[in-house]
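S.K.: Line order of the protein sequences matches chains A and B. For the first sequence, numbering that gives the first Met the number 0 assigns the number 0 to the initial residue and increments by one for each residue that follows. For the second sequence, numbering that gives the first Met the number 0 assigns the number 0 to the initial residue and increments by one for each residue that follows.
2 protein chains.
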Amino acid sequence: MNRFLRLNNVAYDHTPASFEQWRQAKLPRIQFALDCALPPATTEPPRLHHAMRYAVLGAGKRLRPLLCHATGEIFSVAPDALDYPATAVELIHAASLVHDDLPALDNDDLRRGRATVHVQYDEALAILVGDALFAQAFNVLSQTPAEAECLARLVKELAGASGSMGLTGGEALDLAAVGGTLDVMQLQTLHQMKTGSLIRASVRMAAQCAGSSHPLIPELDHYAHAIGLALQIIDDIHDITLDSATLGKTAGKDARDGKATYVSVHGLPMSRQHATQLIEQAHDALQTLPGNTAPLHGLAAMIHRHLP
Amino acid sequence: MNRFLRLNNVAYDHTPASFEQWRQAKLPRIQFALDCALPPATTEPPRLHHAMRYAVLGAGKRLRPLLCHATGEIFSVAPDALDYPATAVELIHAASLVHDDLPALDNDDLRRGRATVHVQYDEALAILVGDALFAQAFNVLSQTPAEAECLARLVKELAGASGSMGLTGGEALDLAAVGGTLDVMQLQTLHQMKTGSLIRASVRMAAQCAGSSHPLIPELDHYAHAIGLALQIIDDIHDITLDSATLGKTAGKDARDGKATYVSVHGLPMSRQHATQLIEQAHDALQTLPGNTAPLHGLAAMIHRHLP
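(1) Could you tell me which residues DSSP pairs with alanine 69 of chain B in its beta bridges?
(2) Buried or exposed for leucine 166 of chain B, please, with buried defined as at least 16 other CB atoms from any protein chain shown within 10 angstroms of its CB.
(3) First and last residue of the alpha helix (DSSP H) that includes glycine 178 of chain B?
(4) Cα-Cα, which of B/His98, B/Gly251, B/Gly247 is closest to isoleucine 239 of chain B?
(5) Who are the Cβ neighbours of alanine 299 of chain A in its own chain at under 7 Å, not counting the five residues just before and after it?
(6) Please go through the same chain and pick out, in chain order, the residues whose beta-carbon is closer than 7 Å to the beta-carbon of leucine 215 of chain A, but skip the five residues on each side of it.
(7) Hey, how far is the Cα of proline 307 of chain B from the Cα of proline 38 of chain B?
(8) Taking a Cβ distance cut-off of 9 Å, strictly less, list which residues of the region 114–138 of chain A are near chain B, in chain order.
(9) My understanding is that alanine 114 of chain A touches valine 97 of chain A, with C-beta atoms under 8 Å, so please give their C-beta distance in whole angstroms.
(10) I need the straight-line Cα distance from alanine 160 of chain A to aspartate 242 of chain B, nearest angstrom please.
(11) Given valine 118 of chain A, which residues of its chain have a CB within under 6 Å of its CB, disregarding the five upstream and five downstream residues?
(12) Can you tell me which of the three DSSP states leucine 215 of chain A falls into?
(13) Drop a sphere of 10 angstroms on the beta-carbon of alanine 209 of chain B, count the other beta-carbons inside from all chains shown, and report buried for 16 or more, exposed for fewer.
(14) Tell me whether proline 217 of chain B is buried or exposed, calling it buried when 16 or more other Cβ atoms sit within 10 Å of its Cβ.
(15) With a cut-off of 8 Å, do at least 3 Cβ pairs link the region 77–86 of chain B to the region 25–37 of chain B?
(16) Is arginine 61 of chain A close to chain B, meaning its C-beta is less than 8 Å from at least one C-beta of that chain?
(17) Below 8 Å, how does it come out for the region 173–188 of chain B and the region 167–181 of chain A: are there three or more Cβ pairs, yes or no?
(18) Can you pull out the residues from the region 43–60 of chain A whose beta carbon lies closer than 8 Å to at least one beta carbon of chain B?
(19) At 4 residues or longer, what runs of the alpha helix (DSSP H) sit wholly inside the region 257–305 of chain B?
(20) What does proline 38 of chain A touch in chain B if you count any residue whose Cβ is under 8 Å from its own?
(21) Is proline 289 of chain A close to chain B, meaning its C-beta is less than 8 Å from at least one C-beta of that chain?
(22) Can you check which of these residues, A/Gln142, A/Asp253, A/His237, A/Gly162, is closest to alanine 134 of chain B by C-alpha distance?
(23) Once you ignore the five residues that flank glycine 59 of chain B on each side, which residues in its own chain have a CB closer than 7 Å to its CB?
(24) Taking three-plus beta-carbon pairs below 8 Å as touching, is the region 136–156 of chain B in contact with the region 136–145 of chain A?
(25) If we call anything under 8 Å between Cβ atoms a contact, is phenylalanine 74 of chain A one with glycine 290 of chain A?
(26) Spell out whether any CB of chain A is found under 8 Å from the CB atom of glutamate 170 of chain B.
(27) At the level of alpha carbons, what is the spacing between alanine 200 of chain A and leucine 65 of chain A?
(28) Which residue or residues does DSSP assign as beta-bridge partners of arginine 309 of chain A?
(29) So is glycine 210 of chain A in contact with chain B if we call contact Cβ pairs under 8 Å?
(30) Alanine 223 of chain B: which of B/Ala145, B/Leu174, B/Gln191, B/His237 sits nearest, CA to CA?
(31) Based on Cα-Cα distance, which residue from B/Tyr120, B/Lys193, B/Val177, B/Pro294 lies nearest to alanine 171 of chain A?
(32) Valine 55 of chain A and leucine 132 of chain A: beta carbons closer than 8 Å?
(33) Residues bridged to leucine 109 of chain A by DSSP?
(34) Do you know whose CA, among A/Asp256, A/His48, A/Ile233, lies nearest histidine 305 of chain A's CA?
(35) Measuring only the C-alpha atoms, how far is tryptophan 21 of chain A from proline 294 of chain A?
(36) DSSP state of threonine 42 of chain B, grouped into three classes?
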């Protein structure tokens, strides 16, 4: 990490300890904002609200909200404004996990070390939980204390990232690929849609809070592209190298479902190497940016540390 | 309908023929806007886009978009601006039908006279179709050519109407009520959430396009409340009096599923009477409104004509 230390002359200590301090300060804020965004479990209909809170408020890395806040640091955006897109993107992420885990899709009964929503409650409620979280994400986003023009861009950004050209489209490609074969490019497209879209939206929404069509967005897009893909490759590696208890979700599921993954296409050593290269690309993308890029560097390094 | 003819002195012919002419002029516009809002079926991922188009572009009364355009007539809102909320609300409606028809929920294989999405494609894709339509609704809404402040209110309105305190919450109440007993008030709350929310949002969004916090919104809320409930009662009556072919969806399903309905609680004659009273209340609510209320009267009358 020495290279970008020299290039970003900001008064910030680029050590893992300093980043960890930043992260530990943000996590309770993110959790509190998520808590506030969800109706109490006593509100009618109580079972739906209970299940929504179960789906969102359990353990979670909160990577997407952290990306929002870290990008905001570059532009000195007020954290109060960032809370809204940060919460909204995490609600969409949680909604997609609930639907993705359903029997008709990934059929998974373990998520973040706990029973998935359709196992804990039932399948019908899990479908409604996903829908309600989707709606609540846009409800929260519409309350962002930003200029109204910015707000329109935020909604367009998150809706685009969640829809058929983003997250949901990626899931449809994933579905179509089961049992078939994907080449490297198809696999990359799938991952960019399924994982990359929301990662990219997290970064872009924070930049948009700083002003209209920010000229630094291309660099941030490169950063988001790189860490999004690295994250997916590391996820694929985890799926075959870790057990379910460590993973908090069912291990070995990709192979069981006949899914093409980075590891099945490239093998383990090359997948590891590619993930490392992408993390380096992410660091590089930040080099020309002004302001405090340390938290974004820290997040890229954190993802890298998860590479087994 | 003579009463409101005297009270609304606008240059508009309040005859069913005149309303029908208005409706027939709006329907192709609504259909075209929906078509434009959905990616072509050739766009990647094609199967998802094909299924989204199947779910939306088949037959449909387009009541919610018609309500948007009819409310816009009162305030002389440009139809070009209304196309966006009108399309968005119909996309949410279509999404909710796709999810509602799933085996885990209503388990229906017939909708609008055709196979439901999970029957025509598969269950996994039907879940994704609903999610993608949800996202696309907000994508479309974010493009409304309106003042940015208005846009924030539109998003908040539609998100609120779709979420756990609106449509999706109503479906959760419906789910919880299967096999149990609901009293009149609970049934009314369920219907107001499940059907009323989007009806109300259709009317309110059009009024919001006309200006901030329009003072006429309470009257429009009364109108929407009344026709939303009437619509649901008539739906309940249809379920036991019509056959599946006429209905375009499976008839007798409420009784099969042990669902409390207006008819099961009040009996057929009183349900009919209540529906008629509600339609009268809807006409009454429009009486003090300025501008061209004829299309809103016409829609209330159209719903009434569906009462068997």
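The C-beta atom is built at its ideal place from N, Cα and C for all residues, glycine as well.
M.R.: With the structure as the only source:
(1) The partner list for alanine 69 of chain B (beta bridge, DSSP) is empty, contrary to what the question assumes.
(2) buried
(3) No alpha helix (DSSP H) holds glycine 178 of chain B; DSSP gives it neither H nor E.
(4) B/Gly251
(5) Ile226, Ile278, Ala281, His282
(6) Ala206, Leu288.
(7) The straight-line gap from Cα to Cα measures roughly 38 Å.
(8) His117, Asp121, Glu122, Ala123, Leu124, Ala125, Ile126, Leu127, Val128, Gly129, Asp130, Ala131, Leu132, Phe133, Ala134, Gln135, Ala136, Phe137, Asn138
(9) Incorrect: roughly 12 Å between the Cβ atoms, too far for contact.
(10) 42 Å
(11) Asp108
(12) Under the three-state reduction of DSSP, leucine 215 of chain A is assigned to coil, being neither helix nor strand.
(13) buried
(14) It counts as exposed.
(15) yes
(16) no
(17) In short, these stretches do not touch, since the Cβ pair count stays below three.
(18) Glu43, Pro44, Arg46, Leu47, His48, Met51
(19) 261–265, 267–284, 293–304
(20) Ser163, Met164
(21) no
(22) A/Gly162
(23) Arg111
(24) yes
(25) Using a Cβ distance threshold of 8 Å, phenylalanine 74 of chain A and glycine 290 of chain A count as a contacting pair.
(26) yes
(27) 12 Å
(28) With chain A covering 0 to 307 only, the question about residue 309 of chain A has no answer from this structure.
(29) no
(30) The shortest Cα separation from alanine 223 of chain B among B/Ala145, B/Leu174, B/Gln191, B/His237 belongs to B/Gln191.
(31) B/Tyr120
(32) yes
(33) A/Ala114
(34) Nearest option by C-alpha distance: A/Ile233.
(35) 7 Å
(36) coil
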